[in-house]
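K.L.:
Take a look at this one; I'll ask things after.
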Amino acid sequence: WGHFIGDMARYRDPAEHEAWLKRDPIPNFGARLLEWGVASESDLAQIQEAADAEMDEAVEFGRASPFPDVSELTADVYSGGRP
């Protein structure tokens, strides 16, 4: 994916994309934990399941929440209050 779900990143070189995937810290750290004997495949799967559940819960919370009032549009965006 590119910058958003509708961006298929056709402008990127597939080789560059693959090179960056190999540097992804999450699977690389999982591989190190396995290599060092600190975690098992089962441990990593449980961690992933917990993270997935937390993300699903956050998405559902956002979908169930009302849209903010327009008066709050710039709240916490500018350091000095309203522009």
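Whatever position you read off the sequence shown (first residue = 1), add 1079 for my numbering.
Cβ atoms here follow ideal geometry from the backbone N, Cα and C, with glycine treated the same way.
Fair warning: this is a prediction, and the values are worked out from it, not measured in the lab.
1) Taking only the alpha-carbon atoms, compute the straight-line gap between alanine 1118 and alanine 1137 and give it to the nearest angstrom.
2) Reducing DSSP to helix, strand and coil, say where leucine 1152 ends up.
3) Give the straight-line distance between the Cα atoms of arginine 1089 and aspartate 1131, rounded to the nearest whole angstrom.
4) Pull up the distance between the alpha-carbon of glycine 1116 and that of aspartate 1148, whole angstroms please.
5) What does the alpha-carbon distance come out to for the pair tyrosine 1157 and phenylalanine 1146?
P.N.:
In short:
1) 27 Å
2) coil
3) 28 Å
4) 51 Å
5) 20 Å
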